[in-house]
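So the structure is just underneath, and the comments pick up after that.
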Amino acid sequence: MKIIDLEEKYNGLYFMCLEDWSDEMKEAGDHKELWYNKMKDKGLGVKIAVTDDDKVVGMIQYVPIEHSTAEGKNLYIIKCIWVHGYKEGVGNFQKKGIGKLLIKAAEDDVRSKGAKGLVAWGLSIPVFMRASWFKKQGYVKVDKLNMSVLLWKPFSDDAIAPKWIKQRKKPKKIPGNVSVTSFINGWCPAQNIVFERAKRAASEFGDIVVFTEVDTFNRETFLEWGIADALYIDEKQIRTGPPPSYEDIRKKIAKRVKKLN
Ligand SMILES: CC(C)(COP(=O)(O)OP(=O)(O)OC[C@H]1O[C@@H](n2cnc3c(N)ncnc32)[C@H](O)[C@@H]1OP(=O)(O)O)[C@@H](O)C(=O)NCCC(=O)NCCS
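Set out below in structure tokens:
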């Protein structure tokens, strides 16, 4: 097992979260690749775990905090860490110490770049990216927004603790129409799937449904809303983790359309 910087031959796998076996991932479009091409010169770090027989079984990606949904100075933030855990594809490699190696590699890297600390986020409930795992790795909670916990590991005494950037506004209803507003940053394939499904579902209804894409990779746009990735139907936010199915999104839009008539 070795932890290395992402190499070009593995880009395709990285763009689909190592899940080349997943049909869902095929719905994610090319947003991740476009995001990567923009971020690779803006301080993005990607480390992958590769087995001796050349299987990529884990990844960690981190960016300078200025490119994230938290605010801070001289810090990097882990967008996500993922050790392949499904039985499909390369199989389940969790709980074998790979996560620990990945986070250590990210810490060493950002330290060598002069950062004053590494920040992580996790959920307070035991699903998906758990805050508890980062706590076990020595990360301390500094902020919380609903279920999203922000944690950090400062490397120096003068490091300043980061904070979540809060939501500033939400989409408005358009009289006489149903509005579907999809916020997309591009970094997360699961959220990119939601965007693609919502766009496709909205287009089924003709002009009555107004689909709006909000590109939150643009920093000003993100700060205007305080939202990075989300789906709204009229003024109602739809839960997007895990991604709702295409049918589910279509049904929710149909319900609103019916109410108009
Ligand atoms: C969290 C994750 C990165 C940990 O990687 P891993 O290789 O399974 O973990 P490790 O084997 O390195 O575990 C390190 C330590 O954490 C502990 N640990 C493992 N999973 C844990 C969990 N869910 N909660 C708390 N502690 C956990 C281990 O017991 C181990 O403890 P030790 O240091 O006392 O031996 C991995 O399990 C994962 O990818 N989970 C899903 C995360 C996810 O949803 N990512 C979002 C993708 S967008």
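Numbered by our numbering, the letters in the sequence shown go through residues 988 to 1248 in order.
Glycine included, every Cβ here is placed at the ideal spot set by N, Cα and C.
Everything numeric in this text was worked out from a predicted model, so none of it was measured.
#1: Provide the residue(s) that pair with S1166 in DSSP beta bridges, ordered along the chain.
#2: For the structure I just gave you, are there three or more beta carbon pairs, one from the segment 1046-1066 and one from the segment 1097-1116, closer than 8 Å?
#3: Do you know offhand how far F1198's Cα is from I1152's?
#4: For G1076, which of R1237, L1132 and E1006 has the nearest alpha-carbon?
#5: Take V1196 as the anchor and find which of S1166, E994 and E1183 has the nearest alpha-carbon.
#6: Starting from I1065, follow its DSSP beta bridges and name the residues at the other end.
#7: In the DSSP assignment, find the unbroken beta strand (DSSP E) run with A1217 in it and report its ends.
#8: Considering only residues of the segment 1128-1196, which uninterrupted alpha helix (DSSP H) runs meet the minimum length of 4 residues and lie entirely inside it, listed in chain order?
#9: Any heavy atom of ligand 1 closer than 8 Å to the Cβ of R1226?
#10: Tell me whether the beta-carbon of P1141 lies closer than 9 Å to the beta-carbon of G1104.
#11: DSSP beta-bridge partners for A1057?
#12: Please tell me whether, using a cut-off of 8 Å, the distance from the CB of V1070 to the nearest non-hydrogen atom of ligand 1 is below it.
#13: I believe V1201 touches S1169 by the beta-carbon criterion, under 8 Å. Please report the beta-carbon distance rounded to the nearest angstrom.
#14: Using the three-state DSSP reduction, which class does R1226 fall into: helix, strand or coil?
#15: Could you tell me whether the Cβ atoms of K1034 and L1089 are closer together than 9 Å?
#16: Report yes if the C-beta distance between R1184 and E1020 is below 9 Å; otherwise report no.
#17: Give every residue of the same chain whose Cβ lies closer than 6 Å to the Cβ of I1236, excluding the five residues on either side of it in the sequence, and list them in chain order.
#18: Run through DSSP, which three-state label would G1086 get?
#19: So G1076 is in the beta strand (DSSP E); what residue range does that whole segment cover?
#20: If we count the other Cβ atoms within 10 Å of its Cβ and call it buried at 16 or more, is N1205 buried or exposed?
The answer reads as follows:
#1: DSSP, once it has assigned bridges, lists V1197 as partnering S1166.
#2: Touching, yes, given that three or more Cβ pairs across the two stretches are closer than 8 Å.
#3: The straight-line gap from Cα to Cα measures roughly 26 Å.
#4: Nearest option by C-alpha distance: E1006.
#5: With distances taken between Cα atoms, V1196 lies closest to S1166.
#6: Note: I1065 sits in a beta bridge opposite Y1049.
#7: Under the DSSP assignment, A1217 falls in the beta strand (DSSP E) whose first and last residues are A1217 to I1220.
#8: The qualifying runs are 1176-1190.
#9: Every heavy atom of ligand 1 is 8 Å or more from the Cβ of R1226, so no.
#10: In this structure, P1141 lies near G1104, with their beta-carbon atoms less than 9 Å apart.
#11: DSSP lists W1151 as partners of A1057.
#12: Within the cutoff, so yes.
#13: The Cβ separation is near 7 Å, so the contact holds.
#14: In the structure shown, R1226 sits in coil (DSSP, three-state: anything other than H, G, I, E or B).
#15: Yes, they are a contact pair.
#16: No, these two residues do not count as a Cβ contact at 9 Å.
#17: So the list reads R1184, A1185 and A1188, once near-sequence residues are dropped.
#18: G1086 falls in the helix class under three-state DSSP.
#19: Element bounds for G1076: n/a, residue is neither H nor E.
#20: Counting of Cβ neighbours within 10 angstroms places N1205 among the exposed residues, the total staying below 16.
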